[in-house]
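This report concerns only the one structure given below.
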Amino acid sequence: MDRITLVNEIFRKKTFLCIGLDPEPGKIPDHLKGYPDPILEFNKQIIDATRDLCVAYKPNLAFYEALGPQGFETFSKTVAYIGKEHFIIADAKRGDIGNTSRLYAKAFFEQLNCDAITIAPYMGEDSVMPFLDFDQKWVIVLALTSNKGSENFQMLPVSVAERPLWEMILQTVKTWGTEQNTMFVIGATHPEAFAKVREVVPDHFLLVPGVGAQGGDLNAICQFGMNKDCGLLVNSSRGIIYASKGNDFAEKAREKALELQTQMAQILLQLNRR
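Residue 17 in the working numbering sits at position 1 of the sequence shown, and the numbers go up by one each step.
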């Protein structure tokens, strides 16, 4: 999916919600366990209940790889079930030397037909560039993540630049790609950083985890993080997909997604009035 299509979908559907599909076997409702693939059935019902409320889905590879070959098959079938009308992010956090990155890119972009993949930039330019060789595909680079451990390295000042490491990542990586194929992960748990983020990358899209279960504030993010194209994909995973463990899990997931979509529609309306 290219940038123009993504932006048009955001304003057409009045949402910039991304839903994380992170299914844990122990949290799957009991009534689904008789299905041949309970995880896939869980995902399908979540997707069916929320298609009109989001523009993106983000399945996290760890929740599928932990299940062995069956889990990877479930991931593939989940991506196929989502289809082409939504932006699909493989939350894989890959990042390795060039030849390995090229094969990761072929796997997720050509074999699985995902639109984007999350990348750890630690190994530098040659570990990221192979992902940028694919037309209408996106790299989403980890910059300032939402977890508590982000303070261990990402917040450390880089003495030569007198700025934190996460800011240096933005400054450097933005020169490798463009606003058409590169996004950055900026956690919702760091609302104070969004103004600085926009000074460095005013036009790039940001993938923003941490709203919902992690406590990120949607309005605070949007106040400083939005640009003229919206420029945000705000992700919620546990807060939506685990809203209920009962037979009504899909219905409750829709209610949680609708709460966020309703807020987003009002925010986008205000953006149009600027």
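Positions of the beta carbon are idealized from the N, C-alpha and C atoms, including for glycine.
For the beta strand (DSSP E) that contains residue i, what are its first and last residues?
{"i": "lysine 74", "result": "72-75"}
{"i": "serine 252", "result": "248-252"}
{"i": "isoleucine 185", "result": "Counting along the chain, isoleucine 185 falls outside any beta strand (DSSP E), though it belongs to the alpha helix (DSSP H) covering 181-189."}
{"i": "leucine 158", "result": "154-160"}
{"i": "valine 201", "result": "198-202"}
{"i": "isoleucine 135", "result": "132-135"}
Would you please state the rounded distance, in angstroms, between the beta carbons of residue i and residue j? I believe it to be under 8 Å.
{"i": "phenylalanine 200", "j": "valine 157", "result": "5 Å"}
{"i": "lysine 272", "j": "alanine 281", "result": "With 8 Å as the limit, lysine 272 and alanine 281 do not qualify as a contact, their Cβ atoms being about 15 Å apart."}
{"i": "isoleucine 98", "j": "alanine 132", "result": "No, isoleucine 98 and alanine 132 are not in contact; Cβ-Cβ is about 13 Å, not under 8 Å."}
{"i": "asparagine 59", "j": "threonine 94", "result": "5 Å"}
{"i": "alanine 65", "j": "glutamate 267", "result": "7 Å"}
{"i": "glycine 114", "j": "aspartate 142", "result": "4 Å"}
{"i": "lysine 261", "j": "proline 45", "result": "6 Å"}
In whole angstroms, what is the alpha-carbon distance linking residue i and residue j?
{"i": "leucine 253", "j": "alanine 136", "result": "In the sequence on display, residue 253 carries serine and not leucine. Between serine 253 and alanine 136, the C-alpha separation is close to 20 Å."}
{"i": "proline 207", "j": "lysine 244", "result": "19 Å"}
{"i": "asparagine 24", "j": "phenylalanine 103", "result": "12 Å"}
{"i": "glutamine 127", "j": "alanine 121", "result": "9 Å"}
{"i": "aspartate 264", "j": "glycine 255", "result": "15 Å"}
{"i": "threonine 191", "j": "isoleucine 62", "result": "37 Å"}
Is it buried or exposed, residue i, if we count other Cβ atoms within 10 angstroms and call 16 or more buried?
{"i": "glutamate 57", "result": "buried"}
{"i": "aspartate 149", "result": "exposed"}
{"i": "arginine 28", "result": "exposed"}
{"i": "leucine 119", "result": "exposed"}
{"i": "glycine 36", "result": "buried"}
{"i": "lysine 74", "result": "buried"}
{"i": "threonine 278", "result": "exposed"}
{"i": "histidine 47", "result": "exposed"}
{"i": "lysine 153", "result": "buried"}
Who are the Cβ neighbours of residue i in its own chain at under 8 Å, not counting the five residues just before and after it?
{"i": "cysteine 238", "result": "Leu248, Ile283"}
{"i": "methionine 242", "result": "Leu248, Ile283, Leu287"}
{"i": "phenylalanine 88", "result": "Tyr80, Glu81"}
Once the 5 residues before and after residue i are set aside, which same chain residues still bring their CB inside 6 Å of it?
{"i": "lysine 30", "result": "Ala281, Leu284"}
{"i": "leucine 77", "result": "Ala108"}
{"i": "isoleucine 55", "result": "Pro39, Thr90"}
{"i": "alanine 236", "result": "Pro207"}
Please list the terminal residues of the continuous alpha helix (DSSP H) segment that includes residue i.
{"i": "phenylalanine 221", "result": "Where phenylalanine 221 is concerned, there is no enclosing alpha helix (DSSP H), although the beta strand (DSSP E) it sits in stretches over 221-224."}
{"i": "alanine 78", "result": "78-81"}
{"i": "glycine 36", "result": "It is not in any alpha helix (DSSP H) - glycine 36 instead sits in the beta strand (DSSP E) that spans 33-37."}
{"i": "isoleucine 20", "result": "19-29"}
{"i": "lysine 100", "result": "Unbroken run through lysine 100: none, as it is neither H nor E."}
{"i": "isoleucine 62", "result": "54-66"}
{"i": "threonine 11", "result": "No answer is possible for residue 11: the residues shown for the chain start at 17 and end at 290."}
Taking 7 Å as the limit between beta carbons, can you name the residues of its chain near residue i, skipping five residues before and five after?
{"i": "glycine 193", "result": "Leu148, Val155"}
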